[in-house]
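Down below is the structure, laid out as structure tokens.
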């Protein structure tokens, strides 16, 4: 009779082998319930989980990964978790328990997320954002979690605005000044900005606050529902607040320092902004990868 151990190909040792950094499953889709600020948010999460694999073992036990995800998700539906990143942390810790040969575990999650927004004087609508979460743990060390958001909005180009201003000025004395408080015309860009903050497990950062920081650093938010007068207000607001992608990233960094004065210098921050150009066939991009300590020291 063949026993189960003889069929366990993963545990077989190899004569010539190497350690692998990440082995696991990707693209697992599960419904998640997160309780934020007194309300339940039903999210459809996309999940990747990994552990490292020592050189002495041929393969990882992949089924354990899916089992852990299913059990942790079911538990979160019953008891509710406070955030997507906390759920990732719970899964990450359990992975190390199930894979006794592993010294490292990593979990990534992302989900569409909706918040109610209203342009000045306009109608309410649920606007889409993306939440990103990540947890990493090394056996015997602490667990780190990452909170991230992706926000879509609008930027108006300062360079084209200034060029138009000079061009109008060359046409006749005072022509551009006669516009008064009306902002100068420019070309617009659809902007997509990502903000990610990595902290120790015991530290909580609210994703809604990160969304507010990003949205407030763009030329203007964008909305799913706009009446004609609302459209005019959004365009005027954006052109009164022209931004390069570089401006967007720097404004976010400045707001982070003001918002999170008590967070440790070691907290890792990534800000990435990309504007889809309307008059070019390429996009504009800016990024800063840093720590709060580096930002505070300028």
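Residue numbers (this note's numbering): 92 to 389. Using N, Cα and C, we set each Cβ at its ideal position, and we do this for glycine too. Note that the structure is predicted; figures quoted are calculated from it, not measured.
Return the Cβ separation of residue i and residue j in integer angstroms, given the expectation that the two are a contact with Cβ distance under 8 Å.
i	j	result
residue 386	residue 339	With a Cβ gap of about 16 Å, residue 386 and residue 339 do not count as contacting.
residue 175	residue 240	Their Cβ separation, rounded to whole angstroms, is 11 Å, which puts residue 175 and residue 240 out of contact at 8 Å.
residue 226	residue 193	Contact doesn't hold; Cβ gap of about 14 Å is too wide.
residue 198	residue 119	Not confirmed; about 10 Å, so no contact.
Which word fits residue i, buried or exposed, when buried means at least 16 other C-beta atoms lie within 10 angstroms of its C-beta?
i	result
residue 250	exposed
residue 380	exposed
residue 161	exposed
residue 210	buried
residue 334	buried
residue 311	buried
residue 306	buried
residue 217	exposed
residue 388	exposed
residue 115	buried
residue 273	exposed
residue 366	buried
residue 323	exposed
residue 202	buried
Would you kindly check if the distance between the Cβ of residue j and the Cβ of residue i is under 9 Å?
i	j	result
residue 289	residue 359	yes
residue 377	residue 245	no
residue 347	residue 298	no
residue 384	residue 355	yes
residue 213	residue 314	yes
residue 200	residue 137	yes
residue 248	residue 282	no
residue 173	residue 321	no
residue 363	residue 284	yes
residue 134	residue 204	yes
residue 146	residue 109	yes
residue 372	residue 300	no
residue 178	residue 302	no
residue 171	residue 242	no
Spatial neighbours of residue i within its chain, please: C-beta separation below 7 Å, excluding the five flanking residues on both sides.
i	result
residue 164	121 and 123
residue 369	278, 279 and 280
residue 344	362, 379 and 386
residue 337	377
residue 230	187 and 194
Which residues in the same chain have their Cβ closer than 6 Å to the Cβ of residue i, if we skip the five residues on either side of it in sequence?
i	result
residue 196	142, 183, 186, 187 and 228
residue 255	275 and 276
residue 97	For residue 97, the predicted structure reports a pLDDT of 44, less than 50, and the residue's modelled location is therefore unreliable. A value from the coordinates is still provided. Nothing listed; no residue qualifies.
residue 237	225, 287 and 289
residue 111	144
residue 113	141
residue 292	180, 234 and 236
By Cβ distance below 8 Å, which residues in the same chain neighbour residue i in space, the five residues on each side in sequence not counted?
i	result
residue 159	140, 182, 185, 186 and 189
residue 375	280, 335, 336, 365, 366 and 368
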